[in-house]
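Asks: I am attaching a structure below and will ask some questions about it afterwards.
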Amino acid sequence: MHLYHIGLVIMAAVLWGISGGIAGILMDKGWSPIVISFYRGAIGFVGIFVWLLLHRRGNKGEYSSKAVKWSIVAGFAVACNFSFYFLSISESGVAIASTLMYTAPLFVLFSSFLFRIETVTPFKVIAMVIVMVGISLLTNVYEAGIGSLNIFGIMSGLLSGLSYALFIFGLKNASKEGSPPFVLTVAFATFTIVMFLLIDHKEALDVMFSEDLIWFVTLGIIGAGISFYLYIEGLKKTSASVAAIIAMVEPVTASLFGLVILGEVLTVTQSIGLVIILIIITILSTKQK
556 MHLYHIGLVI MAAVLWGISG GIAGILMDKG WSPIVISFYR GAIGFVGIFV WLLLHRRGNK
616 GEYSSKAVKW SIVAGFAVAC NFSFYFLSIS ESGVAIASTL MYTAPLFVLF SSFLFRIETV
676 TPFKVIAMVI VMVGISLLTN VYEAGIGSLN IFGIMSGLLS GLSYALFIFG LKNASKEGSP
736 PFVLTVAFAT FTIVMFLLID HKEALDVMFS EDLIWFVTLG IIGAGISFYL YIEGLKKTSA
796 SVAAIIAMVE PVTASLFGLV ILGEVLTVTQ SIGLVIILII ITILSTKQK
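Below, the structure is given as structure tokens:
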């Protein structure tokens, strides 16, 4: 496992965190999360597809049925992740939904052990638990209260985390069979089709004539095109469980984006959670070198 590839995963997560900040700006402007997500994937699809046309390698293995299958799984998993996440937010609030979505490392670690995909070490388990504590502090989930909990919200949040884990496995397996442009084109095409069935089409059309279109384009380029390319390249030499834990730098970046760009304030507890996550990711990255 190379530190270079771990760095690519971290860079992808940082860009996802910035994307979360941009999405927050668009939501404050009144755009629905589903429409924002749709444009994020759709614009990413257009950019990656053009890249695929310009850099076709012509290798038959690149277009294998396995590459297509796993790419479709990855695209469908991302669509499910977004959908269940938004459902969880509507039922339980952002703090609980975010914490439950970032249970993805738990699902990845359990699946890796169950299917003997990789070795589950005590260090990985401890790192994952500590990161989950950091996530809980960063999202202030402990302040939500029992009244904010309901079965539907909890199940939706857990399903978003499970979908996140499935996305990681799908993308990792697809990257073994096909080139990044081909894999991401199929994945984003699948994502776009699924999300198109869920969005408010009138609102989606309004985006095209809105002054916020530049924000949507930026979100698609950063949050889908560039970041996913970095992630899929990083996954080639990074185990799924390590990638899942390292990608938790995403909420850290989103919090820092809110602090620096949006003028939000982090509490002492949130700052502690942020530092915990960064320390564990640094240790894990160094150890995996």
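The opening residue of the sequence shown carries number 556 in my numbering; numbering runs sequentially from there.
Every residue, glycine too, gets a C-beta built ideally from N, C-alpha and C.
In this text, all values refer to a predicted model and were calculated from it rather than measured experimentally.
#1: Report the rounded CA-to-CA distance for alanine 742 versus serine 626, giving the unit in angstroms.
#2: By the three-class DSSP mapping on this structure, what secondary structure does glutamate 819 have?
#3: In the DSSP assignment, find the unbroken alpha helix (DSSP H) run with serine 619 in it and report its ends.
#4: Does the Cβ of leucine 785 lie closer than 7 angstroms to at least one heavy atom of the ligand NAP?
#5: Can you list, in chain order, the residues of its chain whose CB lies under 6 angstroms from that of histidine 560, leaving out five sequence neighbours each side?
#6: Which of the three DSSP states is assigned to methionine 556 in this structure?
#7: According to DSSP, is arginine 595 part of a helix, a strand, or is it coil?
#8: Taking the alpha carbon of isoleucine 787 as the point to measure from, which residue in Leu713, Phe724, Leu692 and Phe668 has its own alpha carbon closest?
#9: Along the alpha helix (DSSP H) that carries methionine 763, what are the first and last residues, could you check?
#10: Going by Cα to Cα distance, which pick from Met803, Ile754 and Ala720 is closest to leucine 664?
#11: How big is the Cα-Cα spacing for threonine 824 and threonine 694?
#12: Using only CA atoms, which one of Met566, Val762, Tyr784 and Ile801 lies nearest to threonine 740?
#13: Going along the chain, which residues of its own chain have a beta-carbon closer than 6 angstroms to the beta-carbon of serine 782, five neighbours each way excluded?
#14: Helix, strand or coil, according to DSSP, for serine 734 in the structure here?
#15: Using DSSP with H/G/I as helix, E/B as strand and the rest coil, what is asparagine 636?
#16: Could you check the C-alpha separation between leucine 753 and leucine 811 for me, to the nearest Å?
#17: Could you name the residues of the same chain whose beta carbon sits closer than 8 angstroms to that of isoleucine 831, not counting the 5 residues immediately before and after it, in chain order?
#18: Grouping DSSP H, G and I as helix and E and B as strand, with all else coil, what is leucine 752?
#19: Relative to the alpha-carbon of alanine 852, which residue among Ser574, Asn705 and Lys621 has its alpha-carbon at the smallest distance?
#20: Apart from the five residues just before and just after serine 653, which ones in its own chain have a Cβ nearer than 7 angstroms to its Cβ?
#21: Can you say whether glycine 599 is buried or exposed, counting buried as having 16 or more other CB atoms within 10 angstroms of its CB?
Replies: Let me lay it out:
#1: Near 5 angstroms, if we compare the C-alpha coordinates of serine 626 and alanine 742.
#2: Glutamate 819 sits in coil when the DSSP states are folded into three classes, being neither helix nor strand.
#3: Here serine 619 belongs to no alpha helix (DSSP H), and DSSP marks it neither H nor E.
#4: Here there are no bound small molecules, and the ligand NAP is not part of this structure.
#5: Same-chain partners within the cutoff: Gly789, Lys792 and Thr793.
#6: Its pLDDT being 49, under 50, methionine 556 is placed unreliably in this model, and the value from its coordinates should be taken loosely. Of the three classes helix, strand and coil, the one that applies to methionine 556 here is coil, per DSSP.
#7: Under the three-state reduction of DSSP, arginine 595 is assigned to helix.
#8: Checking every option, the nearest Cα to that of isoleucine 787 belongs to Phe724.
#9: Looking at the DSSP string, the run of the alpha helix (DSSP H) that includes methionine 763 is 756–763.
#10: Comparing alpha carbon positions, the residue from Met803, Ile754 and Ala720 closest to leucine 664 is Ala720.
#11: The alpha-carbon separation between threonine 824 and threonine 694 amounts to approximately 9 angstroms.
#12: Residue Tyr784 is the option with its Cα nearest to threonine 740.
#13: The beta carbon of serine 782 sits closer than 6 angstroms to those of Ala567, Leu570 and Trp571, all from its chain and outside the five residues before and after it, given in chain order.
#14: Assigned with DSSP and collapsed to three states, serine 734 falls in coil, not helix or strand.
#15: Three-state result, asparagine 636: helix.
#16: Distance between the alpha carbons of leucine 753 and leucine 811: 31 angstroms.
#17: So the list reads Ile685, Val686, Val688, Gly689 and Leu692, once near-sequence residues are dropped.
#18: Reduced to three states, the DSSP call for leucine 752 is coil.
#19: Only positions 556 to 844 of the chain appear in this structure, which leaves residue 852 out of reach.
#20: Answer for serine 653: Thr694 and Pro806, listed in chain order.
#21: Glycine 599 comes out buried.
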